[in-house]
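For reference, the structure discussed in these notes is given below.
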């Protein structure tokens, strides 16, 4: 050290100390901080605790730290589950900063196809699906001293199964005299009595949040076109309100949002005497760099407009929002076990979702929410969101439960039981995929146990395991990996090759990582990784082995019908096959909008379906 200069390394350390001090001040200023002692006391006293706290109270980042600092981890791991991988990753990064540790050491995360933890990790943020996969190998969850189930009100299919698995682990550990496990259930809103009763009359703790008064205005009459109504409402606000008062609009999906964003930008060009508009979309498949734009401060003299899916209801807080425009609609999976169709449909929100959306307008100051439905219509909404487990295909869930040696799936301790028809249909589908066999009870076949090793939809697992018979596992791994991530098609402003080929670099990188891990699972199962070269027939036959229940046949009238249920469907306009009319196709997903559209298609021959599942197609008569 010369000339009295401070070495660069020391200067950085000083800055880091200042940053750390600011983080600690922010921690102490959170609404949850005064409740720290009471929270620790209640968790110490009870085996299960319910915590209700609004978004912004600090419950997700602080409660795990409080329990760790109080020694409740007992040298084991505190698991914090999240429904979304993005939340698990971003929150763990924040907590690692607050604990002044490198991510992956004291604090880490584990999501599908990505594990950033070590043996020293004590605070582990993870998706609920990953904790479920651990339960397959260890139903007692012996690595964990506390399991925190966050965002419980979302009631995803994995969350609901996890409720039963963790509750059973708690009971069995007590019965066997093992170290007990604490359960903390957290949410911004939920049916408190229902949750408390399910978790053995657990006490409920309420946390204050930061919430300012919000005026709510309803539509005078029913809106037949909620997207048009949202644009009209936006520009009424825009013409009379000053700059810096930002707007959040809730719509249902990527295509709808991108269309609305384009319309807003086009209309704004024609308006004079109003602030400039900066408009951003926000949905889960948007690249991270584009998602982060919504959090940037609004430029001086401008108004920010964010057009979002329900991802903005609870997972994120966007600064500057003073107005919320709620379409009252959301895109949700709806499964009909009688028809066997699993549709992505636009449906009405529940009252609790509507209240969450309204609350986005009051995070920093008084705000206004415009609901694009009448007050009478609001009263007809269901009080809470229908749990996903009661409206989805259960094949994946049933496969996981059987892998955990839970043979009587219908008797499993679900908080809200799925219908017997849905469980029966799931077992039938798994039987058709040769994953289970029925003797006295259903049990996994050797193939089914192999399928359960993959963190995939059973159809995709079957495709991978079938690929060895067609010598095309090299290509199938790539196809399955791309189907396992958000769409890789996008027009990003970076990386020349991606830009020229309309490829989303982030999702493509994720697909590469998924492929790497799937390949490792295949190698552990000693599956030969071979290539079929340029011949696509083996690949398409292999896909037919897993997706034969998702086949459609072209009719003389030019429409398609599904072979399983004879439902009229169409090829989605975004498909390269949109202007083609192949005789038979497989589809990965059905989306219900103005029509029922098939997405992610593969052209097949009718006889392949017979070869794959002759019993299934004996009465369905494809090609006859």
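Numbering (UniProt numbering), first residue to last: 1 to 624. Using N, Cα and C, we set each Cβ at its ideal position, and we do this for glycine too.
By the Cβ rule, the stretch 218–237 counts as touching the stretch 360–380, because three or more pairs are nearer than 8 Å. For residue 400, the closest of 133, 62, 44 by C-alpha to C-alpha distance is 133. In the three-state reduction of the DSSP assignment, residue 246 falls in the strand class, which pools E and B. For residue 367, the secondary structure class from DSSP, reduced to helix, strand or coil, is strand. When the Cα atoms are used, residue 530 and residue 467 turn out to be separated by approximately 9 Å. Residue pairing for residue 333: DSSP places it in a beta bridge opposite 344. Beta-bridge annotation (DSSP): residue 182 is paired with 146. Fewer than three pairs of CB atoms, one per stretch, sit closer than 8 Å, so the stretch 185–204 makes no contact with the stretch 439–459. Counting along the chain, residue 590 sits inside the beta strand (DSSP E) bounded by residues 584–592.
Bounds of the alpha helix (DSSP H) holding residue 130 are 128–137. If you draw a straight line from the Cα of residue 511 to the Cα of residue 476, it is about 13 Å long. For the 8 Å CB-CB criterion, residue 186 and residue 51 form a contact.
If you check the CB distance, residue 90 and residue 108 do not come in under 8 Å. The C-beta separation of residue 353 from residue 379 comes to about 15 Å, leaving the pair out of contact by the 8 Å criterion. In the displayed model, residue 562 falls within a strand according to three-state DSSP. The alpha carbon of residue 365 has as its nearest neighbour, out of 320, 590, 265, 251, the alpha carbon of 320. Leaving aside the five residues that flank residue 299 on each side, the residues in its chain whose CB is nearer than 7 Å to its CB run, in chain order, 278. Considering only 553, 73, 460, 488, the residue with the shortest C-alpha distance to residue 182 is 73. Per the DSSP secondary-structure output, residue 114 pairs in a beta bridge with 111. Within the stretch 66–116, the complete alpha helix (DSSP H) segments of 4 residues or longer fall at 85–98, listed in chain order.
Between residue 254 and residue 226, the C-beta spacing is not below 8 Å.
The criterion of a C-beta distance shorter than 8 Å is not satisfied by residue 63 and residue 136. The alpha-carbon of residue 610 is positioned some 49 Å away from that of residue 92.
In this structure, DSSP gives residue 215 an extended state, which the three-state scheme calls strand.
Residue 444 carries a strand assignment under DSSP once its states are collapsed to helix, strand and coil. When only Cα atoms are considered, residue 571 and residue 481 end up about 22 Å apart. DSSP places residue 302 in the strand class (E or B) of the three-state scheme. Under DSSP, residue 323 shares a beta bridge with 247, 368. Contact annotation, residue 586 with residue 544: C-beta distance approximately 6 Å; criterion of less than 8 Å satisfied. Distance from the CA of residue 449 to the CA of residue 157, rounded to the nearest whole angstrom, comes to 21 Å. Using a Cβ-Cβ distance cut-off of 8 Å, the stretch 233–240 and the stretch 328–340 are not in contact, since fewer than three pairs of beta carbons, one from each stretch, lie closer than that value.
The C-alpha of residue 260 is placed about 16 Å away from the C-alpha of residue 294. The residue from 582, 216, 405 with its alpha-carbon nearest to that of residue 324 is 216. For residue 267, the CB contacts under 8 Å within the same chain, skipping 5 residues up- and downstream, are 231, 235 in chain order.
A check of alpha carbon separations from residue 524 across 577, 465, 326, 443 identifies 465 as the nearest. In this structure, residue 350 places its C-beta atom within 8 Å of the C-beta atom of residue 384.
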